[in-house]
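Here my numbering runs 1494 ahead of the position in the sequence shown, where the first position is 1.
Glycine included, each C-beta is placed from N, C-alpha and C at the ideal position.
Being a predicted model, the structure only gives us computed values, none of them experimental.
So the structure is just underneath, and the comments pick up after that.
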Amino acid sequence: MQSRTVNPQKENVKITETNLTSVVEFVLLGFSEIPRLHWFLFGTFSVIYLVILLGNGIIILIMRAESTLQTPMYFFISNFSFLEIRYVSVTLPRMLVDLWTQKGSISILACAAQMCFFLILGATECFLLAVMAYDHYVAICNPLHYPLVMSHEVCVRLGVGSWVIGMPVQVGQTCQIFSLPFCESNQINHFFCDIPNAQFDETVVYMFASLLITIPFMLILGSCSRMISTVLKLPSSTGRTKAFSTCSSHLIVVILFYGSVTVIVLHNCKPKSNQYDGTDKLLSLFYTILTPMLNPVICSLPNKDVSEALRKFLPKLIAIPDT
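This is the structure we're talking about:
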């Protein structure tokens, strides 16, 4: 098969007679359409990243240090905080580097790795939210058997299962996408590797994505329905208030995460001409940055036990040792 002369402006793309391109590297366009705001965005996202690391990191430290928080609910909250740190670290540091250098080139291997980890952690978040909903369901609907049902061994299995259950599917999808040729351009109109220009069956990809999103969501919906039904039957208004406060913060996180992901999936199901017009980047910022940043506030700080532990822990954290 003979190759034609490469255009200087496409030095990273080898064009063959089949009109397909053998991509050597991609170019993440990111926020290149607003170059005047690059430094403002760099400063803003740097602060947000530090807030996410500190907020979720402190939550993890508190729940490991305080014996009163060694319960299944806080075990899953600390897992979720750790997940949020990993989740945002897959995309945000790379975006900060691109804003600093004002270059968006990324090798195909790095792009595949970023996409694979992003998909795996996204699936983990879906299943971990479902596990947390199940924990709330057992605590509210079957409180007498809660210590037996949610034993430490069970919690560890549920936690590990949430982390690994989506790995085979997402690794397989990534390998499928990057084993196929790419067409037209090596430019990606996003701030992380989301591949719109690969020649693959998008129906299969969206089918697996929908399953990984829908199954946990249905489990969450079923758990919430049973919890609401049980709470409404409680004779004490104090008991109802406490029960609602237990699951309300979790529901807010679920709505934020699943709402934005669902909108993106529906948006990407539109014809090609309507895709990647900037809406994806805005929605992706919402669930990749905003949710991890708000997680400590939504999930933990309104809780009285966590607030009390935080008041005890922070003075120890910032205390200056005597010289």
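Based on DSSP bridge pairs, tell me the residues matched to residue i.
i	result
V1521	S1599 and Q1681
Leaving out five residues before and five after residue i in sequence, what residues of the same chain have Cβ atoms less than 7 Å from its Cβ?
i	result
V1545	M1787
C1620	L1706, I1707 and P1710
A1606	T1668 and F1672
F1611	V1584
Y1631	S1717, R1720 and M1721
Exposed or buried, residue i, counting other C-beta atoms within 10 Å across all chains shown (16 or more means buried)?
i	result
G1537	exposed
F1534	exposed
C1741	buried
I1783	buried
P1641	exposed
S1719	exposed
G1753	exposed
L1622	buried
P1529	exposed
S1739	exposed
S1767	With a pLDDT of only 45 at S1767, under the threshold of 50, the placement of this residue in the model should not be trusted, and no figure is reported.
P1566	buried
V1584	buried
V1625	buried
T1735	exposed
G1666	exposed
V1755	buried
H1646	exposed
H1684	buried
T1785	buried
Q1693	Any reading at Q1693 needs caution, since the residue's pLDDT is 49, under 50, leaving its predicted position unreliable; the model's value is listed next. Exposed is the call here.
For residue i, collect the residues of the same chain with a Cβ closer than 6 Å to its Cβ; drop the 5 residues on either side in sequence, then sort them by chain order.
i	result
S1599	E1519 and V1521
M1609	T1668 and C1687
L1586	Y1543
W1657	T1618
G1524	D1592, G1598 and F1685
Please work out which residues of its chain come closer than 8 Å, Cβ to Cβ, to residue i, disregarding the five sequence neighbours upstream and downstream, and give them in chain order.
i	result
V1791	G1549
Y1628	L1652, L1713 and S1717
F1576	N1550 and I1554
Under 7 Å from any heavy atom of the ligand NAD, does the C-beta of residue i make it?
i	result
F1536	The ligand NAD is not part of the structure shown, which contains no ligands of any sort.
Using a Cβ-Cβ distance under 8 Å, would residue i count as near chain C?
i	result
N1636	Looking for chain C here will not work: only one protein chain is present.
Which runs of the beta strand (DSSP E) spanning at least 3 residues fall entirely within the stretch 1587 to 1639, listed in chain order?
-> 1599 to 1601, all fully within the stretch 1587 to 1639.
Would you say the stretch 1587 to 1598 touches the stretch 1545 to 1562, given that touching needs at least three Cβ pairs under 8 Å?
-> Touching, no.
So does the stretch 1773 to 1782 actually touch the stretch 1553 to 1573, counting three or more Cβ pairs closer than 8 Å?
-> Because the criterion of three Cβ pairs below 8 Å is not met, the stretch 1773 to 1782 and the stretch 1553 to 1573 do not touch.
Quick one: any contact between the stretch 1631 to 1645 and the stretch 1579 to 1586, if contact means 3 or more CB pairs under 8 Å?
-> Inter-segment contact for the stretch 1631 to 1645 and the stretch 1579 to 1586 is absent: fewer than three beta-carbon pairs are separated by less than 8 Å.
Would you check if the stretch 1743 to 1750 and the stretch 1652 to 1667 touch, i.e. whether three or more CB-CB distances between them fall below 8 Å?
-> Verdict: no, contact absent.
State whether the stretch 1798 to 1805 contacts the stretch 1557 to 1566, with contact taken as three or more CB pairs (one from each stretch) at a distance under 8 Å.
-> Counting Cβ pairs under 8 Å, three or more are found: they touch.
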